[in-house]
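One structure below.
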Amino acid sequence: MNRYLIKFFQIVIALIVVYFLWKGVIWIFHYPTYILPAPSLVSQKLVYLIQSGKIYPHLQITLTEIFAGFLFGSILAMFFGYIFAKKRILHLTITPYIVAFQSIPIVALAPIFIIWFGSGITSKIVICSIIVFFPVMVNTITAISNIEETKKELMCTLNSSFLDNLLRLEIPHSLPYIFSSMKIGMVLAIVGAIVGEFMGADKGLGFLINSSLGLFDTPQLFAVIFILALLGIILYTISSSLESFFIKRGQKI
Numbered sequence: 016m017n018r019y020l021i022k023f024f025q026i027v028i029a030l031i032v033v034y035f036l037w038k039g040v041i042w043i044f045h046y047p048t049y050i051l052p053a054p055s056l057v058s059q060k061l062v063y064l065i066q067s068g069k070i071y072p073h074l075q076i077t078l079t080e081i082f083a084g085f086l087f088g089s090i091l092a093m094f095f096g097y098i099f100a101k102k103r104i105l106h107l108t109i110t111p112y113i114v115a116f117q118s119i120p121i122v123a124l125a126p127i128f129i130i131w132f133g134s135g136i137t138s139k140i141v142i143c144s145i146i147v148f149f150p151v152m153v154n155t156i157t158a159i160s161n162i163e164e165t166k167k168e169l170m171c172t173l174n175s176s177f178l179d180n181l182l183r184l185e186i187p188h189s190l191p192y193i194f195s196s197m198k199i200g201m202v203l204a205i206v207g208a209i210v211g212e213f214m215g216a217d218k219g220l221g222f223l224i225n226s227s228l229g230l231f232d233t234p235q236l237f238a239v240i241f242i243l244a245l246l247g248i249i250l251y252t253i254s255s256s257l258e259s260f261f262i263k264r265g266q267k268i
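So this is what it looks like as structure tokens:
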């Protein structure tokens with residue numbers, strides 16, 4: 016409990032420091048509202064977005080893109096990562112092409128997916144899946160490849176089936192690796208969704224940022240950015256909690 020209280024106070028202190036620094040920068044440099052709005056204006060806009068309900072349809076769309084893309088990308092990544100770890104020839108043959116594809120900035124690929132899948136939710140899910148895929152796949156390969164030979168030999172001696180081997184050895188051993196990449200993947204999925212919405216959308220937090228920019232509504236722009244930052248913290252915290260829960264269960268198997 017004390018650990019959580021310390022973290023809470025650290026966050027509160029950090030927010031207070033940021034608030035006074037923000038106010039100080041505006042006071043010293045006399046920035047107009049359309050360049051750097053006061054914290055009070057941003058908080059007013061944030062309250063308005065929540066109370067009016069304007070934010071909810073956009074938040075719902077973005078969350079759907081994030082979760083669908085994250086799940087689809089993670090499942091595919093774990094499947095291919097497992098296959099590549101088991102079949103080294105496939106790993107050596109195909110992985111370089113995946114690395115080359117992942118080296119292309121998602122901003123460059125997003126317009127192509129908008130053309131192929133349209134400006135609806137499908138293209139954003141594809142973008143999120145792609146951005147999540149690589150880190151999860153690499154960690155899955157590392158996890159399966161790093162299982163100690165003595166443990167493999169023990170399972171072989173016990174004449175364990177494929178399912179026993181998977182459930183009692185490979186999955187428990189892989190959980191720390193996979194969850195560490197999934198925490199990163201969850202945050203990256205937010206980036207993917209917003210990039211996709213920047214390129215073409217009529218709803219979503221990325222669309223709201225674009226429309227705020229076009230209208231020079233900087234307080235709303237900052238309010239949406241604050242929501243995105245808060246969303247990232249919440250999703251990362253949920254991922255960390257799930258990691259602790261499943262790793263403890265995995266150790267009991």
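The sequence shown begins at 16 in our numbering and counts up one residue at a time.
Each residue gets a CB set at the ideal place from its N, CA and C atoms; glycine is no exception.
8 Å contact criterion, which residue i and residue j should meet: CB distance rounded
i: Tyr251; j: Met201; result: 6 Å
i: His73; j: Gly219; result: 5 Å
i: Val57; j: Phe237; result: 4 Å
i: Phe84; j: Val151; result: One point to set straight first is that residue 84 is Gly, not Phe, in the sequence displayed. Not quite, the Cβ-Cβ distance comes to about 12 Å (not below 8 Å), so this is no contact.
i: Ala123; j: Gly211; result: With a Cβ gap of about 13 Å, Ala123 and Gly211 do not count as contacting.
i: Asn180; j: Met170; result: 5 Å
i: Phe128; j: Ser138; result: 5 Å
i: Ile76; j: Ile136; result: 7 Å
i: Met93; j: Ile199; result: So it is not a contact: roughly 15 Å between Cβ atoms.
i: Phe241; j: Leu61; result: 6 Å
Residue span of the alpha helix (DSSP H) that contains residue i, given as start and end
i: Lys167; result: Glu164 to Thr172
i: Leu190; result: Ile186 to Met214
i: Asn161; result: Run containing Asn161: none; DSSP gives neither H nor E here.
i: Arg183; result: Element bounds for Arg183: n/a, residue is neither H nor E.
i: Pro72; result: Ile70 to Lys101
i: Pro126; result: Ile121 to Phe132
i: Gly221; result: Leu220 to Gly229
Own chain, CB closer than 8 Å to residue i, minus 5 neighbours either side, in chain order
i: Ile119; result: none
i: Ile268; result: Note on Ile268: pLDDT 47, under 50, position unreliable in the model; the coordinate value appears next. Within the same chain, Ile268 has close Cβ partners Leu182, Arg183, Ile186 and Pro187.
i: Ile121; result: Ile142, Ile145, Ile146, Val206, Gly207 and Val210
i: Gly68; result: none
i: Tyr34; result: Pro54
i: Val40; result: Tyr46 and Leu51
Cβ neighbours of residue i in the same chain (closer than 7 Å, five flanking residues each side left out)
i: Ile81; result: Cys143, Ala204, Ile205 and Ala208
i: Lys166; result: Leu184
i: Leu228; result: Leu236
i: Ser255; result: Lys198
Residues near residue i in its chain [Cβ-Cβ closer than 6 Å; skip 5 each side]
i: Val239; result: Leu220, Leu223 and Ile224
i: Ala100; result: Ile156, Ile159 and Ser160
i: Met214; result: Ala125, Pro126 and Ile129
For this session: Ignoring anything shorter than 3 residues or poking outside the segment 31–68, list the beta strand (DSSP E) runs there in chain order.
Result: Taken in chain order, the complete beta strand (DSSP E) segments of 3 or more residues contained in the segment 31–68 number zero; there are none.
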